[in-house]
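Numbering (this note's numbering), first residue to last: 1 to 261. Don't be surprised by glycine CBs; every beta carbon is placed ideally from N, CA and C. Heads up: the structure comes next, in structure tokens.
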């Protein structure tokens, strides 16, 4: 073995001794490890869950990537991901359940809805980022709750039982944390960490990852981008948003029918 044969095998794949030591150091400072379940599926949006993975890894949490089966799948797009836990293996006592944007086919999948309906009620906290809010809604988790998402989804939220809230801030209603896309995953995760471990820990993690967004163009929200650019963006995504809206309404209707039977 030469000095460049440094990779070592773990349950999740190859890593390095330096990273293992870093994780062990973080875990040694915790009296108990947080259990964080991150939902993945074919076509999931990596940027919507990266914030949660980044924030909770820093405190040494046990991170589970959860899907129906342990099979290689592709996040959007060209992002190979191997789930580490199945729905059946997922514990009921998660500290955090996380979902970001997932395709409309998944949002109305009865097996997925059943999973969120079960675990979403037993987890201490739940995070829905971007279209992930629709996923929570179809599983009945947003009934009567204030919730937000990206600007295209906010008008859809009442159709899954939610009280829609516009804007770019994280909306907290009980144990449910919803946010817009991308940086919203970091924002929501830091606020969940504050709720679970205290503001000092959450503040230290924010510093550790040097989380301080500075968008170069400041066009990341319709009011900032202006009506012309917003109209172009909405036209580009209109067909997909129609699919999302229809899928969410069908999924929510089926869920409501099942619980009323």
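6 Å Cβ shell around residue i - same chain, five flanking residues per side excluded
i: residue 168; result: 180 and 221
i: residue 159; result: 249
i: residue 51; result: 185, 186 and 189
i: residue 121; result: none
i: residue 128; result: 99, 136 and 178
i: residue 106; result: 41 and 112
i: residue 157; result: 147 and 164
i: residue 211; result: 186
i: residue 125; result: 96, 175 and 192
Per-residue burial, residue i [other beta carbons within 10 Å of its own, 16 or more giving buried]
i: residue 258; result: exposed
i: residue 185; result: buried
i: residue 198; result: exposed
i: residue 35; result: buried
i: residue 133; result: buried
i: residue 174; result: exposed
i: residue 244; result: buried
i: residue 5; result: exposed
i: residue 269; result: Here the chain covers residues 1 to 261 and nothing more, so residue 269 does not appear.
i: residue 263; result: Any answer about residue 263 is impossible in this case: the structure gives the chain only from 1 up to 261.
i: residue 103; result: buried
i: residue 140; result: buried
Option nearest residue i by Cα separation, candidates the options
i: residue 216; options: 208, 225, 196 and 209; result: 225
i: residue 256; options: 147, 242, 143 and 163; result: 143
i: residue 93; options: 64, 151, 110 and 150; result: 64
i: residue 155; options: 130, 140 and 87; result: 130
i: residue 234; options: 3, 58 and 150; result: 150
i: residue 218; options: 126, 16 and 229; result: 229
i: residue 71; options: 12, 239 and 204; result: 12
Residues of its chain near residue i, where Cβ-Cβ distance is below 8 Å and the 5 sequence neighbours each way are ignored
i: residue 14; result: 7 and 8
i: residue 75; result: 40, 43, 44, 45, 46 and 81
i: residue 108; result: 138, 247, 248, 250, 251 and 254
i: residue 191; result: 170, 172, 177 and 202
i: residue 56; result: 34, 36, 63, 96, 189 and 193
i: residue 69; result: 83 and 86
Own chain partners of residue i with C-beta closer than 7 Å, once the 5 adjacent residues on each side are dropped
i: residue 60; result: 23, 26, 27, 30 and 33
i: residue 115; result: 87
Below-8 Å beta-carbon distance, residue i vs any chain C residue
i: residue 100; result: Given the protein chain composition of this structure (a single chain), no chain C is represented.
CB-CB length for residue i against residue j, believed under 8 Å
i: residue 165; j: residue 148; result: 5 Å
i: residue 152; j: residue 260; result: Their Cβ separation, rounded to whole angstroms, is 30 Å, which puts residue 152 and residue 260 out of contact at 8 Å.
i: residue 67; j: residue 91; result: Residue 67 to residue 91, Cβ: 15 Å. No contact.
i: residue 162; j: residue 145; result: 6 Å
i: residue 208; j: residue 58; result: 5 Å
Subject >> Uninterrupted beta strand (DSSP E) stretches inside the stretch 161-233 (no shorter than 3 residues) >> reply: 171-173 and 176-179
Original post:
What are the complete alpha helix (DSSP H) segments, minimum 4 residues, inside the stretch 21-45?
Top reply: Correct list: empty.
**OP:** Ignoring anything shorter than 4 residues or poking outside the stretch 48-119, list the alpha helix (DSSP H) runs there in chain order.
**Re:** 104-107
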